Amino acid sequence: MVASDVYEGTRMAREMDLPGIKQLLQPLEESGTLVRRTNKELLEALDSFIVVERDGSIIACAALFPFFKEKCGEIAAIAVSPECRGHGQGDKLLDYIENKASSIGLQKVFLLTTRTADWFVKRGFSECSIDLIPEARRKRINLSRRSKYYMKVLPPPDRSSSLVL
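In UniProt numbering, the protein residues as written are 1 to 165.
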């Protein structure tokens, strides 16, 4: 008998995941879809990254940067490996991030995008003004990228959920 079970899990990133995260992000950085991050920047932000791991390989990643004062968080660096696109990995990752954001007291999530707006709109995001982005983040936006800004109001956390974050 041959087992066809595949281990797959969504979790917070660890240092050992850095090469897999870099492998996912690099082509998107090179195409200009994502902002280029140095190794140092990635390492410093690693605690904010969530990964989807399948059989020991990182197949998707994203980051959640909370702005607690404003009760919102930025979703950034979303990437799914090309061979896994179209199979719900992005949805799974986004659900995890939204649940995580809600569980830490955030009421909204926002993102900046140059190319994938339709995907986010289908998942409940609405285009918003730059004025709704937290000031600390607004000051660091590279306006030459001409990003559009999207926001989503999160439902209150489900206290009966057993989500482990």
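Glycine included, each C-beta is placed from N, C-alpha and C at the ideal position. Here the structure is a predicted model, which means the values were calculated and not measured.
Inside the stretch 28 to 52 only - beta strand (DSSP E) runs reaching at least 3 residues: none
Buried or exposed by the 16-neighbour rule on C-beta atoms within 10 Å, applied to Y96: As a working note, residue 96 is residue 96 in the sequence shown. By the 10 Å Cβ count, Y96 comes out buried.
Beta-ladder partner(s) of R137, from DSSP: Taking the first residue of the sequence shown as position 1, residue 137 is located at position 137. Paired residues: none, contrary to the question.
Selected residue, minimal CA-CA separation from A101, among F125, R115, H87, K71: Numbered from 1 along the sequence shown, position 101 holds the residue referred to as residue 101. A101 has its Cα closest to that of K71, out of F125, R115, H87, K71.
Rounded Cβ spacing between D17 and I58 (contact assumed at less than 8 Å): The residue given as residue 17 occupies position 17 in the sequence shown. The residue given as residue 58 occupies position 58 in the sequence shown. Between I58 and D17 the Cβ distance is about 6 Å, and since that is below 8 Å, they are a contact.
Reduced DSSP secondary structure (H/G/I, E/B, other) of T10: Here residue 10 is taken as the residue at index 10 of the sequence shown, counted from 1. Strand.
Through-space distance from V121 to S43, alpha-carbon basis: Against the sequence shown, residue 43 aligns to sequence position 43. Against the sequence shown, residue 121 aligns to sequence position 121. The residue you asked about is not Ser; residue 43 is Leu in the sequence shown. Approximately 30 Å, taken between the alpha carbons.
Test item: CB-CB of T114 and R145 under 8 Å: In the sequence shown, counting from the first residue as 1, residue 114 sits at position 114. In the sequence shown, counting from the first residue as 1, residue 145 sits at position 145. For T114 and R145, yes; Cβs fall inside 8 Å.
Three-state secondary structure (DSSP) of G73: Here residue 73 corresponds to residue number 73 of the sequence shown, with the count starting at 1. Three-state result, G73: strand.
Nearest residue (CA-CA) to I78, options D47, F68, L64: By 1-based counting over the sequence shown, the position of residue 78 is 78. Cα-wise, what sits closest to I78 is L64.
Beta-ladder partner(s) of I58, from DSSP: Taking the first residue of the sequence shown as position 1, residue 58 is located at position 58. BP columns for I58 point to E53.
Those residues which DSSP pairs with Y149 across a bridge: Counting from one through the sequence shown, the residue named residue 149 turns up at place 149. The partner list for Y149 (beta bridge, DSSP) reads L112, C128.
Close beta carbons around R37, own chain, < 8 Å, minus the five adjacent residues each side: The sequence position of residue 37 within the sequence shown is 37, counting from 1. For R37, where only same-chain residues beyond five positions count, the Cβ hits under 8 Å are L25, E29, A45, A77.
Cβ shell of K148 (< 8 Å), same chain only, five flanking positions each side left out: For the purposes of this step, residue 148 is taken as the residue at position 148 of the sequence shown. Only L112, T113, T114, A117, E127 meet the Cβ criterion.
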